[in-house]
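Trainee:
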Amino acid sequence: MAIIEVKNLIKTFKDGDKETRVLKGLNFLAEHGEWIAIMGRSGAGKSTFMYQMSLLDEPTSGEIFIDSHDAHNMTPDDKTNFRLNQLGYVFQDYALIPDLTALENVLVPIMMQGEDKVSAHTKAKSALERVGLGHRLNNLPSQLSGGEQQRTSIARALAHDPKILFADEPTANLDNESSKTVMKLFEEVHKQGQTIVMVTHEEEYSRLAERVVTLDDGQIIKDEKTHKTPHKHS
Ligand SMILES: Nc1ncnc2c1ncn2[C@@H]1O[C@H](COP(=O)(O)OP(=O)(O)O)[C@@H](O)[C@H]1O
Ligand SMILES: [Mg+2]
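In this note's numbering, the protein residues as written are 1086 to 1319.
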């Protein structure tokens, strides 16, 4: 069974009397272990699409199945728990807590899942080591470069071994070199079997994925495999 299935997804935003239909009936499947890039011009609906399928927002209508759960049958609490325990998120602005160190930023969501401090600490530290930041554990976000902040947010997203990693333009605020480092990390975790759904503007990075889904004006206008052969899991 697909890890994500979206059927006839519609999202309308209301602003007073004005209604804007941003997603106009999307159908989409993602398989376990797949790396999918979502492309399209600014305003096409990419972020809105990602927010609905990753349970960060409530669609106007349509169906979403994620890891065999029907989103319609989940209470708001179920969704919060599912996001915390099973999904990982990376945003273009890193979304780190400025008063917490890199280690604490990664540790807090693990502790919110009920893990004790010692084992949360071990997990957080090893997640930061995995992204090459073992030497930056006690730095505040303001003491880290943009690339290091984004790698911290990736460590936070991966620390609990999520079923799916969602990323919305993870390299949008990064220079070329940091962007490449971040994309290398995505390649590595994907090789280890991580399912990834990544919104990006960059052709160069979308080509790293196995599939590119292109949105325009709230509709999927293209859904193509790239030349990349899917990674075989042992
Ligand atoms: N909360 C919101 N309220 C009203 N309109 C919104 C909201 N979020 C997004 N939109 C509109 O939906 C459209 C798609 O936005 P978005 O999904 O952010 O596009 P993309 O990520 O492709 O640039 C845009 O026209 C945007 O203005
Ligand atoms: Mg966006």
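Glycine included, C-beta positions come from ideal geometry on N, C-alpha and C.
All values derive from a computational prediction rather than experimental measurement.
By the three-class DSSP mapping on this structure, what secondary structure does N1093 have?
Mentor: Counting from 1 along the sequence shown, the entry for residue 1093 is found at position 8. Residue state, collapsed to three classes: strand.
Trainee: What residue range does the beta strand (DSSP E) around T1299 cover?
Mentor: The residue you call residue 1299 lines up with position 214 of the sequence shown. Segment 1296 to 1301, the beta strand (DSSP E) holding T1299.
Trainee: Got a list of residues with beta-carbon closer than 5 Å to any non-hydrogen atom of ligand 1, in chain order?
Mentor: This criterion selects F1098, V1107, S1127, G1128, A1129, G1130, K1131, S1132, T1133.
Trainee: If we count the other Cβ atoms within 10 Å of its Cβ and call it buried at 16 or more, is V1203 buried or exposed?
Mentor: Within the sequence shown, numbered from 1, the residue matching residue 1203 stands at position 118. Flag for V1203 reads exposed.
Trainee: Who are the Cβ neighbours of M1159 in its own chain at under 8 Å, not counting the five residues just before and after it?
Mentor: Stepping through the sequence shown from its first residue, residue 1159 is reached at position 74. Correct list, in chain order: L1140, F1167.
Trainee: Verify whether the separation of the beta carbon atoms of T1280 and H1117 is less than 8 Å.
Mentor: Working through the sequence shown from its first residue, we reach residue 1280 at position 195. Working through the sequence shown from its first residue, we reach residue 1117 at position 32. Going by C-beta atoms, T1280 is nearer than 8 Å to H1117.
Trainee: Near A1122, which residues of its chain fall below 6 Å by C-beta distance, leaving aside the five closest residues on each side in sequence?
Mentor: Working through the sequence shown from its first residue, we reach residue 1122 at position 37. Answer for A1122: M1283, T1285, S1291, A1294, V1297, listed in chain order.
Trainee: Between D1253 and ligand 2, is there a pair consisting of the residue's CB and a ligand heavy atom that are separated by less than 7 Å?
Mentor: By one-based count along the sequence shown, residue 1253 stands at place 168. Within the cutoff, so yes.
Trainee: Rounded to the nearest angstrom, how far is the Cβ of L1250 from that of F1134, given a contact under 8 Å?
Mentor: Here residue 1250 refers to the residue found at position 165 when the sequence shown is read from its first residue. Here residue 1134 refers to the residue found at position 49 when the sequence shown is read from its first residue. Between F1134 and L1250 the Cβ distance is about 16 Å, and since that is not below 8 Å, they are no contact.
Trainee: P1183: buried (16+ other C-beta within 10 angstroms of its C-beta) or exposed?
Mentor: The sequence position of residue 1183 within the sequence shown is 98, counting from 1. Per the 10 Å Cβ criterion, exposed.
Trainee: Compute the Euclidean distance between the alpha carbons of H1275 and G1101, then round it to the nearest angstrom.
Mentor: Residue numbering aside, residue 1275 sits at position 190 when the sequence shown is read from its first letter. Residue numbering aside, residue 1101 sits at position 16 when the sequence shown is read from its first letter. Each residue's alpha carbon lies about 43 Å from the other.
Trainee: Cutting at 7 Å between CB atoms, please list the residues of its own chain near N1190, excluding the five before and the five after it.
Mentor: As a first step, residue 1190 must be located in the sequence shown, where it is residue number 105. Closer than 7 Å at Cβ, skipping near neighbours: L1181, I1182, T1237, R1241.
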